[in-house]
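J.: Protein chains in written order, with my numbering: chain G, -18 to 166; chain R, -18 to 166.
Where a beta carbon is used, it is the ideal one built from N, C-alpha and C, also for glycine.
Supplied in structure tokens, the structure appears directly below.
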DNA sequence: CCTCCTGTTGGTCGATCGCCCAATACGATC
DNA sequence: GATCGTATTGGGCGATCGACCAACAGGAGG
């Protein structure tokens, strides 16, 4: 038995999933009411029934993905035995990714949209700050000097490498080996 | 005496400048024919007289800025005395920048637009590759091991830090000190 | 002086935008 | 079975989009 409310929540979820895909494929500002509704297989009017505005839909979709990513990586960090391990893990998590993978592009899109949407900027800043803190604690455990600043740089480097891969493809050399220098004692 | 052709080229330049400003203020896909024309102080029709399409205008504006940036930093790199100096220079060049400065945002916008515009992607990849090569040569001069890979990581880290600053503002700790670890022998 | 030609204007085209709303479908509740 | 309320439909609103074009201005070259 499927209640009306359950089907409603399911449609809402489908809209969020469609928005996530389309932000990646077409870009943030080119993801429109009708295109999202079409991808989700529902009437256009439903977008403004389930969400206050298109911006609100895109914001929620992007934040869901961002939080999902950090929630997935966080527990993995806890199992690392050394600072080098930690860096390795971060970049192995990125390595299935060609650089044009959905999650990366979506994150960068969100970063940009955030420069013009205060609500999104604050929420996204919160996600990154949490991730930085978690990473800093792990680095501190492993005796890395200046763990907070180091964590900030490592996190930024991850995003930067991801950004460059989307243009140039995978690097030739051993990127992880170079990045491990960041956490030498 | 100002010839007709000279005034024409001047208008073309004004359109490029207006596009540069507006990509930063409003985003790539939200920079439209009429808005650019209005900012440049000319009639809307002129955009499609001087440029094949809006995309072509945006592409040229972004590439001009990107090439201008690397052309400005390149010669400064030549004067550095050590690998640490080189990293310092790169990040001091970024430090007038709050992270929401025009050049940074424009670059990230271009990165993103490039994922959906092959012509732009190839051109932008060329600019980054040139910069990487120049940086790699300098690092090699200073005896940094694996100069190509290191240059790629440093360049990515620069863009990553820039990206994070646009959300979180300036870092608290000494970022440059951490990044200098990347180029220790 | 008179023609060219380049640069420029301002408006129009069909398409699409975000948002809204009256009408409807249909399970939940009595 | 009748009533209610939530989910959904599809079309309409004014605004704006990229691209196009007829008309025009005015310096360049004969």
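Starting from the Cα of residue 164 (chain R), find the closest Cα among R:139, R:140, R:127 and give me that residue.
T.: Comparing alpha carbon positions, the residue from R:139, R:140, R:127 closest to residue 164 (chain R) is R:127.
J.: By alpha-carbon positions, which one of G:20, G:5, G:95, G:7 ends up nearest to residue -8 (chain G)?
T.: G:20
J.: Check whether chain G comes within 7 angstroms of residue 95 (chain R), counting only Cβ atoms and requiring the distance to be less than that.
T.: yes
J.: At a Cβ cut of 7 angstroms, what residues of the region 122 to 133 of chain R count as close to chain G, listed as they run along the chain?
T.: 127, 129, 130, 131, 133
J.: Should residue 4 (chain G) be counted as a contact of the ligand MG given a C-beta to heavy atom distance under 6 angstroms?
T.: You won't find the ligand MG in this model; it holds no ligand whatsoever.
J.: At least one CB of chain R closer than 7 angstroms to the CB of residue 106 (chain G): is that the case?
T.: yes
J.: Just the chain R side, please: which residues come within less than 9 angstroms of residue 109 (chain G) by C-beta, in chain order?
T.: 145, 148, 149
J.: Quick one, which of G:3, G:155, G:99 has its alpha-carbon nearest residue 148 (chain R)'s?
T.: G:99
J.: Rank G:-11, G:87, G:111, G:65 by C-alpha distance to the C-alpha of residue 124 (chain G) and give the top, closest one.
T.: G:65
J.: Can you pull the chain R residues whose beta carbon is under 7 angstroms from the beta carbon of residue 99 (chain G), in chain order?
T.: Under the 7 angstroms cutoff, chain R gives no residues; its nearest Cβ is about 11 angstroms from residue 99 (chain G).
J.: I believe residue 109 (chain G) touches residue 145 (chain R) by the beta-carbon criterion, under 8 angstroms. Please report the beta-carbon distance rounded to the nearest angstrom.
T.: 7 angstroms
J.: So if I threshold CB-CB distances at 7 angstroms, which residues from the region 2 to 13 of chain R count as touching chain G?
T.: 8, 10, 11
J.: Using C-beta distances below 8 angstroms, list every residue in its chain close to residue 12 (chain G), excluding the 5 sequence neighbours before and after it, in chain order.
T.: 0, 3, 4, 35, 39
J.: Whole-angstrom Cβ separation of residue 112 (chain G) and residue 51 (chain G), contact assumed at under 8 angstroms?
T.: 5 angstroms
J.: Among R:-15, R:154, R:137, which residue has its Cα nearest to the Cα of residue 117 (chain G)?
T.: Its Cα nearest to that of residue 117 (chain G), the residue R:154 stands out among R:-15, R:154, R:137.
J.: Residues of chain R with CB closer than 9 angstroms to the CB of residue 155 (chain G), please, in chain order.
T.: 127, 130
J.: With DSSP collapsed to three states, give me the class of residue 32 (chain G).
T.: coil
J.: Using a Cβ-Cβ distance cut-off of 7 angstroms, determine whether residue 152 (chain G) contacts chain R.
T.: yes
J.: Checking 7 angstroms against the spacing of the C-beta atoms, do residue 141 (chain R) and residue 141 (chain G) come in under that value?
T.: Contact: yes.
J.: Within the continuous alpha helix (DSSP H) that includes residue 98 (chain G), where are the two ends?
T.: Per DSSP, residue 98 (chain G) lies in no alpha helix (DSSP H) segment and is marked neither H nor E.
J.: Going by beta-carbon coordinates alone, are residue 43 (chain R) and residue 91 (chain R) separated by less than 7 angstroms?
T.: In this structure, residue 91 (chain R) lies closer than 7 angstroms to residue 43 (chain R) by Cβ.
J.: Mind listing the chain R neighbours of residue 139 (chain G)? Cutoff is C-beta to C-beta under 8 angstroms, in chain order.
T.: In chain order: 141.
J.: With a cut-off of 8 angstroms on the beta carbons, I'd call residue 166 (chain G) and residue 68 (chain G) a contact; round off their distance for me.
T.: With a Cβ gap of about 13 angstroms, residue 166 (chain G) and residue 68 (chain G) do not count as contacting.
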